[in-house]
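According to the working numbering, numbering within the sequence shown proceeds without interruption in unit steps and concludes at 1467.
Note that the Cβ used here is the ideal one computed from N, Cα and C, for glycine as well.
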Amino acid sequence: MTTADPAHLAVQTNLTPGSVFAGVFEMALRSRLLRTVTLAMFALGVISFCIGLSHGSSPTLSSAFAAILRVALFAMLPVSFALVVSALSACLAAIQPGVLGGHRFETRDEGLFEATAANQTVTSWSCVREMATLTDKVVIRLTGLRFHIIPRSAFMSPQHESAFVSALMQRLGRGVMN
């Protein structure tokens, strides 16, 4: 829904545990830290394989397969951790008032306005760190680990989404993650 003033755009959405899980997991996968740790774990698996070879054992098909499996498991640990954190976030969201259910977001001069059944909040623009337009959602990252998820289906049209994203970008003047 768009307000009368084109500079103050609004969108109404309904967050579910699934959308929280997907948003947290997708943002975790985009994290530079997770990518770095995954690469480090992969390298650790390769190093452990090389150390095994240097101790005189001749490589066989089964030892090569075991090494590949070990490298893959090492690399999957950080992603598995992200899955667990995403599931826990969705569970926590279910018990915190105002996280799930209806949300109304508006761009205002003083900041990003959010209204839920439990509260109304204005986050100043200086506390909005970045925005990501993902495949099926727009994610607005605030300070710390907080962020807002707006499913693309919440927008009335592609033009409405574009206007809302443009208004956010104009307010931020920076920080668009794609």
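Residue i: buried (16+ other C-beta within 10 angstroms of its C-beta) or exposed?
{"i": "residue 1330", "result": "buried"}
{"i": "residue 1420", "result": "buried"}
{"i": "residue 1328", "result": "exposed"}
{"i": "residue 1450", "result": "buried"}
Please work out which residues of its chain come closer than 6 Å, Cβ to Cβ, to residue i, disregarding the five sequence neighbours upstream and downstream, and give them in chain order.
{"i": "residue 1432", "result": "1416"}
{"i": "residue 1427", "result": "1439"}
Going along the chain, which residues of its own chain have a beta-carbon closer than 7 Å to the beta-carbon of residue i, five neighbours each way excluded?
{"i": "residue 1376", "result": "1310"}
{"i": "residue 1337", "result": "1359"}
{"i": "residue 1460", "result": "1396 and 1414"}
{"i": "residue 1340", "result": "none"}
{"i": "residue 1386", "result": "1407"}
According to DSSP, simplified to helix, strand and coil, what is residue i?
{"i": "residue 1302", "result": "strand"}
{"i": "residue 1448", "result": "helix"}
{"i": "residue 1367", "result": "helix"}
{"i": "residue 1355", "result": "helix"}
{"i": "residue 1315", "result": "helix"}
{"i": "residue 1389", "result": "coil"}
{"i": "residue 1268", "result": "Nothing can be reported for residue 1268: it is not among the residues displayed for the chain, which extend from 1290 to 1467."}
{"i": "residue 1410", "result": "strand"}
{"i": "residue 1334", "result": "helix"}
{"i": "residue 1457", "result": "helix"}
{"i": "residue 1307", "result": "helix"}
{"i": "residue 1464", "result": "Its pLDDT being 45, under 50, residue 1464 is placed unreliably by the model, and nothing is read from it."}
In its own chain, which residues sit with a C-beta less than 8 Å from the C-beta of residue i, not counting the 5 before and 5 after it?
{"i": "residue 1378", "result": "1309, 1310 and 1313"}
{"i": "residue 1390", "result": "1303, 1304, 1405 and 1406"}
{"i": "residue 1409", "result": "1402 and 1403"}
{"i": "residue 1307", "result": "1379"}
Less than 8 Å between the CB atoms is what I'm expecting for residue i and residue j, so what's the real figure, rounded?
{"i": "residue 1326", "j": "residue 1367", "result": "4 Å"}
Three CB pairs or more closer than 8 Å across the stretch 1433 to 1443 and the stretch 1303 to 1317: yes
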